[in-house]
Amino acid sequence: MAALDAVVLVCYLAGIVALGSAFGSRQKDARSYFLADHDVSWLLILLSIVATETSTMTFLSVPALVLDDRIGHLGFLQVAVGFIVGRWIVALWLLPSFFQGGLQTAYELLRAAYGPVVQRVASGLFLVTRTVADGLRLYLAAIVVQELTGLSGPASVWIMGGMTFVYTVFGGMRAVVWTDALQLLLYLAAALLSLFVLVDGLPGGWQQMLELAQSGGRNRIFNLSFDWHDPYTLWVGLLGGAFFSMASHGADHLMVQRYLSSRSLRHAQMALATSGLIVFAQFALFLTIGLGLYGWGELGLAELANAKPDQAYARFIVLCLPPGVRGLIVAGLMAAAMSTLSSSWNSSAHALYSDFLSPWLQGRSSELLWARLLTAMFALLQGTIALLSLSVTEGRPVVEQALTIAGMTTGVLLGVFALHLMHWRGPALAVLWGLVCGSAVLAAVWMLGYLWPQCSIAWPLYPVIGATATALGTWLVHQVFVACKRLARGD
231 MAALDAVVLV CYLAGIVALG SAFGSRQKDA RSYFLADHDV SWLLILLSIV ATETSTMTFL
291 SVPALVLDDR IGHLGFLQVA VGFIVGRWIV ALWLLPSFFQ GGLQTAYELL RAAYGPVVQR
351 VASGLFLVTR TVADGLRLYL AAIVVQELTG LSGPASVWIM GGMTFVYTVF GGMRAVVWTD
411 ALQLLLYLAA ALLSLFVLVD GLPGGWQQML ELAQSGGRNR IFNLSFDWHD PYTLWVGLLG
471 GAFFSMASHG ADHLMVQRYL SSRSLRHAQM ALATSGLIVF AQFALFLTIG LGLYGWGELG
531 LAELANAKPD QAYARFIVLC LPPGVRGLIV AGLMAAAMST LSSSWNSSAH ALYSDFLSPW
591 LQGRSSELLW ARLLTAMFAL LQGTIALLSL SVTEGRPVVE QALTIAGMTT GVLLGVFALH
651 LMHWRGPALA VLWGLVCGSA VLAAVWMLGY LWPQCSIAWP LYPVIGATAT ALGTWLVHQV
711 FVACKRLARG D
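So the sequence shown is residues 231 to 721, counted in the working numbering.
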């Protein structure tokens, strides 16, 4: 890192902390802290949605999909099309339910239908998986910052976590969405700038990049086969991507909190529906960066030919970008990580406060203090997980592994929300057993693919399996309950 790079990074960190912290004086109570008084414009919600679901893994691992010889194409865009479809379904089908009855969290929707136990189990599942997953994301982001800056791993965790901690804890949801918006613009600008450098560094420019991609078979997008083992076919991408997006954007409070912060249902629907198009364009940008990196590797430029897929973009940043520009790219990487962290801490604290603690804390003069303390607690928990993580699993690109885990956890919750929207009503115990069934089926599917790779199921289909198994398992368990009652009565 040159001195100019350090100046760029310090200016970014100081600016983002100052901006986020400035919103602290506007918080009056826990409701304004977590939901920004329901007064966030649809454009800010849109930018925050995209920034929140984009982490450092997206930044570095999506280009790796082009470089990895086991994948080596642009087929991830087929999944991104499914993401668009899924968001539109959530916007039209599920979002209206969140705006009825003054809901505070996604899981309060389940309380009226199935009781407080189901609400808290669903919220607890969200809290556990979100804390572990985003703690690992912080660790992975710190490793990247360590490689790019020369700082130690713990120092990288403390810098990113500490800066994010200040504005998130004191600024609340309003600080989160504003900083998300600026961080999104920063890391997209950084990505575009690095793509320009990549193309400019090829002797034949853009045309040569496309020719090398075509000769290497890296420019293929569509695959019309019906291979359910391959995550990058059109049919798996559409079905799996749609269910994945419905689960992550309809049953995960990380996203639902943003809708509830908007000014109206219409604003929330506009933000969610449009976000799919922005995410598709974003993935196209990062995959194009992958094509540029592939071209550099084929020509033997900057020793990229021997880099591992997940390391190639980072190596390019270190070796090929001029001072100042390199600092901007590192700031963009940190922005992608910090936007995910701030959203995770705030939404986790909100779920714990509203779904578990509100009967004891709501209405007290100290409720705002408690809201901030809970946010700080999740920041410390995820930071601890990051510091305790000693290694990163190698193999498939990290983005695939992260999406597989997310699909396993959010798919089962989607099944419960689907039962609610289909107006199925039954005992809470049946729903809880349905969650167990869905989780068990997904665990069996994963284990089968792990032990016998020829039996593996493409990761975009995990939410489909989880939601279906949960809904079907709930219904079957309820039928057993009904049959047992009839037998007991002698019917």
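A virtual CB, placed ideally from N, CA and C, is assigned to each residue, including glycine. Values in this document were obtained by computation on a predicted structure and should not be read as measured data.
* Asked: In the structure shown, what three-state DSSP assignment does Ser-475 receive?
  -> helix
* Proximity of Gly-668 and Val-642 at Cβ, strictly below 8 Å -> yes
* Asked: For Leu-442 versus Tyr-543, is the C-beta distance shorter than 8 Å?
  -> no
* To do: Count the other CB atoms, across all protein chains shown, that sit within 10 Å of the CB of Phe-400; report buried if there are 16 or more and exposed otherwise.
  => buried
* **Extent of the continuous alpha helix (DSSP H) run through Val-707** => 692-719
* Asked: Under the rule that 16 or more other beta-carbon atoms within 10 Å means buried, what is Phe-456, buried or exposed?
  -> exposed
* What is the DSSP secondary structure of Ser-494, reduced to helix, strand or coil? -> coil
* To do: For Met-439, I'd like the list of residues in its chain whose CB is within less than 7 Å of its CB, leaving aside the five on either flank, ordered along the chain.
  => Val-429, Leu-432, Leu-521, Gly-522 and Gly-525
* Assign His-497 to buried or exposed, taking buried as 16 or more other Cβ atoms, counted over all protein chains shown, within 10 Å of its Cβ. => buried
* Asked: Which word fits Leu-469, buried or exposed, when buried means at least 16 other C-beta atoms lie within 10 angstroms of its C-beta?
  -> buried
* For Leu-651, I'd like the list of residues in its chain whose CB is within less than 8 Å of its CB, leaving aside the five on either flank, ordered along the chain. => Trp-323, Leu-324 and Ser-327
* Asked: alpha helix (DSSP H) containing His-580: first to last residue?
  -> 555-582
* **Assigned exposure category for Asn-576 - 16 Cβ within 10 Å defines buried** => Taking all protein chains shown into account, Asn-576 has 16 or more neighbouring C-beta atoms within 10 Å of its C-beta and is therefore buried.
* Whole angstroms is fine: what's the gap from Gly-720's alpha carbon to Val-710's? => Taking the straight line joining both Cα atoms gives about 15 Å.
* Just to confirm, are Thr-700 and Gly-637 a CB contact at a threshold of 8 Å? -> For the pair Thr-700 and Gly-637, the CB atoms are not nearer than the 8 Å cut-off.
* Length-filtered (4 minimum) alpha helix (DSSP H) runs lying within the stretch 237-268 -> 260-265
* Buried or exposed: which applies to Trp-682, given that a residue is buried once 16 or more other Cβ atoms fall within 10 Å of its Cβ? -> exposed
* Asked: Beta carbon of Leu-368, beta carbon of Ala-616: below 8 Å?
  -> yes
* **Nearest-angstrom Cα separation, counted from Arg-655 out to Ser-619** => 42 Å
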